[in-house]
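Novice: Throughout the sequence shown, residue numbering follows my numbering, covering 164 to 541 in sequence.
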Amino acid sequence: MRHLFDQAIDRAHSDSIRWDKYGSDVIPLWVADMDFQSPECVVQALRRRIDHGVYGYTYATQSLKESIQEYVNRRYSWRVETAWIHFLPSVVTALHLTVRMLTQVGDHVLIPGPAYHHFQDAVIGAGRDYSIYNIRLQDGRATFSLSQLESLVKPNTRLLMLCNPHNPGGTVFTKEELSTLGQFAKEHQLIICSDEIHADLILDEALQHIPMGSIGGGIEDRSLSLMSLNKTFNFPGLGLAWVICPNPQLSQVLLKDLHTLIPNPNLLSYIATQAAIEHGQAWHQALIQYLRSNRNYVQQRIHSVSGLSMHHLQATYLAWIDASKQSWDNPFEQFLKAGVALSPGSQFGDSQFVRLNFGTQRMLLEKALDRIALACNQ
Ligand SMILES: Cc1ncc(COP(=O)(O)O)c(C=O)c1O
């Protein structure tokens, strides 16, 4: 099925944030969506629903909840009850809601860094005190340090946020690491909010995603796993996320004001998600192979450019590239001048890095990496 992902699709005039921001001379490898069409099963299911012509108020059916229940069991060997699954329009909404509803003014939150910017936006937006725990390279893999977490935790810390797999940096946390975090949370009576949107984008064959709530030992009572198929099947513009929260007291507080300020997810997002779960397996396997090959290619090209480096990415299609040896004030600007729009590392907490989205056709990636190499050799 490789040819499917090699096929370039013109995204100009499709109101794409990623493709419309810079001129047509720039290759846009920034925002995290992919240049691939969603699987045919998703497109067909949407077409059938569109053809109905009536798009009234809707809801997440029991059948969708059972599909998710089956999916989570099939993919992560996690047996959940359908009553633990709650729907929101996006994972970002869930991050912000978690901070606002599960902590109070005066509480302190631990967030990872460098990390997807909405962790910090959520705590700043809610006016909460926070500390950043580092996700730093240790033996070629970016991870946290328990001793640093111990030094940052305060008597008023209520919430520990986690990004698993991590963006940027692609770490897939091991069972041991998650148990360590779980024990730490138990000792300090913290809630753990785990953003698992990249769970199905694991590129290393030997690795497996482990949801925070599946660790056991009572950690499930204090954990929320935020999930979505938006990234995996490339329909983030439709928008659907779900929270798995085994503790009903916690979910009651989290969702107290839901559907006043936050709308229900849209009708098409439910249809797309269910079709992807039920019929998207072969497409997903082919996607992972394609992305793995792109990842290997990006790693090899970046290693060959003097002044650039990246560590091995276990998951996601977002390479985290260290440009500090170039001694540029702003690596993002340098690459933009060379005709490639990457995400500036400053957005995640380190301005000497850039993030490159390789969820695109190999031919475009080759062109972009040629421009990147040229920018560094000048
Ligand atoms: C870690 C992480 N969480 C959440 C999101 C966005 O999720 P959503 O589109 O469901 O709000 C992204 C998108 O890049 C992400 O990387």
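Beta carbons: idealized from backbone N, C-alpha and C, even for Gly.
May I ask you to report which of helix, strand or coil DSSP gives P252?
Specialist: Within the sequence shown, numbered from 1, the residue matching residue 252 stands at position 89. Reduced to three states, the DSSP call for P252 is coil.
Novice: On the three-state DSSP scale, how would you describe M473?
Specialist: Within the sequence shown, numbered from 1, the residue matching residue 473 stands at position 310. Strand, per DSSP.
Novice: Compute the minimum distance between the beta carbon of V255 and the heavy atoms of ligand 1, and state whether it is under 7 Å.
Specialist: Here the question's residue 255 lines up with position 92 in the sequence shown. Under cutoff, so the answer is yes.
Novice: Candidates R304, N427, F282 and S414: which alpha carbon is nearest A404's?
Specialist: The residue you call residue 404 lines up with position 241 of the sequence shown. When only C-alpha atoms are compared, the closest one is N427.
Novice: When you compare the CB positions of L312 and F347, do they come within less than 8 Å of one another, or not?
Specialist: Working through the sequence shown from its first residue, we reach residue 312 at position 149. Working through the sequence shown from its first residue, we reach residue 347 at position 184. It is a contact, given that the beta carbons lie within the stated cut-off.
Novice: As an exercise, report each continuous alpha helix (DSSP H) stretch of at least 4 residues that is fully enclosed by the segment 340 to 424, in chain order.
Specialist: If we require 4 residues or more, the alpha helix (DSSP H) runs fully inside the segment 340 to 424 come out as 411 to 417.
Novice: Specify, as a first and last residue, the run of the beta strand (DSSP E) that D183 falls within.
Specialist: As a working note, residue 183 is residue 20 in the sequence shown. Run containing D183: none in the beta strand (DSSP E); it sits in the alpha helix (DSSP H), I180 to D183.
Novice: At a cut-off of 7 Å, would you count A478 as near ligand 1, judging by its Cβ distance to the nearest heavy atom?
Specialist: Counted from its first residue, the sequence shown places residue 478 at position 315. Not under cutoff, so the answer is no.
Novice: Determine whether the beta carbon atoms of H271 and D292 lie at a separation below 8 Å.
Specialist: Counting from 1 along the sequence shown, the entry for residue 271 is found at position 108. Counting from 1 along the sequence shown, the entry for residue 292 is found at position 129. Cβ atoms of H271 and D292: closer than 8 Å.
Novice: Roughly how many whole angstroms lie between the Cα atoms of A223 and F250?
Specialist: One-based indexing of the sequence shown puts residue 223 at position 60. One-based indexing of the sequence shown puts residue 250 at position 87. So the two alpha carbons sit approximately 8 Å from each other.
Novice: Within 10 Å of its beta-carbon, does M164 have 16 or more other beta-carbons around it, so buried, or fewer, so exposed?
Specialist: Counted from its first residue, the sequence shown places residue 164 at position 1. Summary for M164: the model assigns pLDDT 49, below 50, so the residue's position carries little reliability; its value from the coordinates is reported in the next sentence. Under this definition M164 is an exposed residue.
Novice: Is H372 near ligand 1, judged by its Cβ being under 7 Å from some heavy atom?
Specialist: As a working mapping, residue 372 is identified with position 209 in the sequence shown. Not under cutoff, so the answer is no.
Novice: Could you check if C356 belongs to the surroundings of ligand 2, using beta carbon to heavy atom distance under 7 Å?
Specialist: The model on display carries ligand 1 but not ligand 2.
Novice: What residue range does the alpha helix (DSSP H) around V235 cover?
Specialist: As a working note, residue 235 is residue 72 in the sequence shown. First-last of the alpha helix (DSSP H) with V235: Q225 to Y239.
Novice: Can you tell me whether D582 is helix, strand or coil according to DSSP?
Specialist: Since the first residue shown for the chain is 164 and the last is 541, residue 582 is missing from the structure and cannot be characterised.
Novice: Would you say G502 and V262 are within 8 Å of each other, going by their C-beta atoms?
Specialist: Position 339 of the sequence shown holds residue 502. Position 99 of the sequence shown holds residue 262. No, Cβ-Cβ distance for G502 and V262 is not below 8 Å.
Novice: Does the distance between the C-beta of A404 and the nearest non-hydrogen atom of ligand 1 fall short of 7 Å?
Specialist: Counting from 1 along the sequence shown, the entry for residue 404 is found at position 241. A404: yes, Cβ under 7 Å from ligand 1.
Novice: According to DSSP, is G276 helix, strand or coil?
Specialist: On the sequence shown, residue 276 is found 113 positions in, with the first residue counted as 1. In this structure, G276 counts as strand in the three-state DSSP scheme.
Novice: Rounded to the nearest angstrom, how far is the Cβ of P139 from that of A478, given a contact under 8 Å?
Specialist: Only positions 164 to 541 of the chain appear in the structure, and residue 139 is not among them; the question remains open.
Novice: With a threshold of 8 Å, are at least 3 pairs of Cβ atoms found where one atom belongs to the segment 337 to 345 and the other to the segment 375 to 394?
Specialist: They touch, by the three-pair rule.
Novice: CB-CB under 6 Å to G345, same chain, minus the five flanking residues each way: which ones, in chain order?
Specialist: Residue 345 sits at position 182 when you count from the first residue of the sequence shown. Excluding positions up to five away in sequence, the list reads I378 and I382.
Novice: Taking 7 Å as the cut-off, does the CB of H447 come closer than this to any heavy atom belonging to ligand 1?
Specialist: Start at 1 with the first residue of the sequence shown, and residue 447 comes out as number 284. Not so, every heavy atom of ligand 1 lies at least 7 Å from the Cβ.
Novice: Name, in chain order, the residues that DSSP records as bridge partners for P507.
Specialist: Along the sequence shown, one-based indexing puts residue 507 at 344. Beta-bridge pairing links P507 to V517.
Novice: Go to Q497, then tell me how far its alpha helix (DSSP H) extends in each direction, as first and last residue.
Specialist: Position 334 of the sequence shown, counted from the first residue, corresponds to residue 497. Where Q497 is concerned, the enclosing alpha helix (DSSP H) stretches over P494 to K500.
Novice: Is DSSP giving S314 helix, strand or coil here?
Specialist: The residue labelled residue 314 in the question sits at position 151 within the sequence shown. Three-state result, S314: helix.
Novice: From the DSSP output, which residues share a beta bridge with T306?
Specialist: Counting from one through the sequence shown, the residue named residue 306 turns up at place 143. Per DSSP, R299.
Novice: Where does S294 sit, in a helix, a strand or coil, going by DSSP?
Specialist: One-based indexing of the sequence shown puts residue 294 at position 131. Strand, per DSSP.
Novice: Is there at least one non-hydrogen atom of ligand 1 closer than 7 Å to the beta-carbon of I425?
Specialist: Start at 1 with the first residue of the sequence shown, and residue 425 comes out as number 262. Answer for I425: no, Cβ out of range of ligand 1.
Novice: So what's W193 in DSSP terms, helix, strand or just coil?
Specialist: Mapped onto the sequence shown, residue 193 falls at position 30. Three-state DSSP puts W193 in coil, outside helix and strand.
Novice: Return yes when the Cβ of I484 is within less than 8 Å of the Cβ of L366, no when it is not.
Specialist: As a first step, residue 366 must be located in the sequence shown, where it is residue number 203. As a first step, residue 484 must be located in the sequence shown, where it is residue number 321. Their beta carbons are not under 8 Å apart, which means L366 does not touch I484 by this criterion.
Novice: Look up D188 in the DSSP assignment and say whether it is helix, strand or coil.
Specialist: Against the sequence shown, residue 188 aligns to sequence position 25. Note: D188 maps to coil in three-state DSSP.
Novice: Based on the DSSP secondary-structure assignment, which residues constitute the bridge partners of T320?
Specialist: Numbered from its first residue, the sequence shown carries residue 320 at position 157. DSSP lists H271 as partners of T320.
Novice: Would N397 and S177 qualify as a contact pair, given that the criterion is a beta-carbon distance under 8 Å?
Specialist: Numbered from 1 along the sequence shown, position 234 holds the residue referred to as residue 397. Numbered from 1 along the sequence shown, position 14 holds the residue referred to as residue 177. It is not a contact, given that the beta carbons lie outside the stated cut-off.
Novice: Given P409, which residues of its chain have a CB within under 8 Å of its CB, disregarding the five upstream and five downstream residues?
Specialist: Here residue 409 refers to the residue found at position 246 of the sequence shown. Correct list, in chain order: V243, E244, W247, G376, E383, D384 and S386.
Novice: Note down the Cα distance separating Y460 from N319, rounded to an integer number of angstroms.
Specialist: Within the sequence shown, the letter at position 297 stands for residue 460. Within the sequence shown, the letter at position 156 stands for residue 319. Approximately 46 Å between the Cα atoms of the pair.
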